[in-house]
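Student: Questions regarding the structure given below will be posed in turn.
Here's what the structure looks like:
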């Protein structure tokens, strides 16, 4: 793994590609999502309400859209009433010229997606694992990246129980807050009032930084796209037997090769 981080390991495809050892590979089969879920979350539907089971494992993906696909796939198979929360979206008046905020219809703002910002439509069920996307109260354990399980879905707050960090087992209440993306291609700043949560059966590789995981399934429906991502994903676990990789990407020349982007000039 250190060789991967240093960019030393390579394959016949060139410096950017590496051969994943066969003992780490999963055969994608006809249903790759089902394969990675069953490997990472064995007997999920008997265990998904067990905080210890959820706390120690995750499926990692390079991109947000793949994370959403995996989480929606798992949610669709879990019993229980689903509650949908819609955000209130607007344009920050200070970020535009006078009157420009009226140029962007609410429907347009609702459809915008940004890394680290919950979507306009947030679908949740009791028992699901979620990740906090903002620092709310660090002394109470409510930090960006804290994982919790949902215990109650209310109209004005969401009740959850912390399963990571220093306040494990603590019951907390999450309110709606106003969030804006730190970076945007649009000529305005979006203000989104929503619960700062995302379902986290799967999470992005970048979001996994700092997480303590004993079991990881790396799902590459698309290859990594920035420096050190592959190393970060593979180094989340300390036990080789608890790491599995599934590659389902047309860019790859084989099902056991992965892109490894390393800018050696950094070293």
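Numbering (the UniProt record's numbering), first residue to last: 1 to 267.
Glycine included, every Cβ here is placed at the ideal spot set by N, Cα and C.
Measure how close the beta-carbons of residue 20 and residue 258 come, nearest whole angstrom, since I'm counting them as under 8 Å.
Tutor: Indeed they touch by this definition, with Cβ atoms about 6 Å apart.
Student: Restricting to Cα atoms, I'd like to know which of 59, 120, 163 and 80 is closest to residue 70.
Tutor: Residue 59 is the option with its Cα nearest to residue 70.
Student: So residue 133 and residue 154 are in contact, right, with Cβ under 8 Å, and what is the actual spacing, rounded?
Tutor: Residue 133 to residue 154, Cβ: 19 Å. No contact.
Student: Restricting to Cα atoms, I'd like to know which of 246, 144, 256 and 262 is closest to residue 38.
Tutor: Of the candidates 246, 144, 256 and 262, the one whose C-alpha sits nearest the C-alpha of residue 38 is 246.
Student: Can you look up residue 240 in the DSSP assignment and give me helix, strand or coil?
Tutor: Three-state result, residue 240: helix.
Student: Taking residue 122 as the reference, give the member of 75, 137, 140 and 93 with the closest Cα.
Tutor: The residue with the shortest Cα to Cα distance from residue 122 is 75.
Student: Rounded to the nearest angstrom, how far is the Cβ of residue 61 from that of residue 231, given a contact under 8 Å?
Tutor: Between residue 231 and residue 61 the Cβ distance is about 16 Å, and since that is not below 8 Å, they are no contact.
Student: According to the Cβ coordinates, are residue 191 and residue 184 closer than 7 Å?
Tutor: Contact: no.
Student: Can you give the beta carbon distance from residue 16 to residue 261, rounded, assuming they're within the 8 Å contact cut?
Tutor: Yes, residue 16 and residue 261 are in contact; Cβ-Cβ is about 6 Å, under 8 Å.
Student: How is residue 36 classed by DSSP in three states: helix, strand or coil?
Tutor: Note: residue 36 maps to helix in three-state DSSP.
Student: With H, G and I counted as helix, E and B as strand and the rest as coil, what does DSSP make of residue 106?
Tutor: The answer is helix: DSSP assigns residue 106 an H, G or I state.
Student: Applying the 10 Å Cβ sphere with the 16-neighbour rule, what's the burial state of residue 42?
Tutor: With fewer than 16 other Cβ atoms within 10 Å, it is exposed.
Student: Using three-state DSSP, classify residue 137 as helix, strand or coil.
Tutor: Strand at residue 137.
Student: Excluding sequence positions up to five away, which residues of its chain have a Cβ less than 6 Å from the Cβ of residue 47?
Tutor: For residue 47, where only same-chain residues beyond five positions count, the Cβ hits under 6 Å are 53.
Student: Can you list, in chain order, the residues of its chain with a C-beta nearer than 8 Å to that of residue 229? Leave out the 5 residues immediately preceding and following it.
Tutor: Excluding sequence neighbours, residue 229 sits near 62, 205, 206 and 261.
Student: Mind checking whether residue 141 and residue 210 have CB atoms under 7 Å apart?
Tutor: No, these two residues do not count as a Cβ contact at 7 Å.
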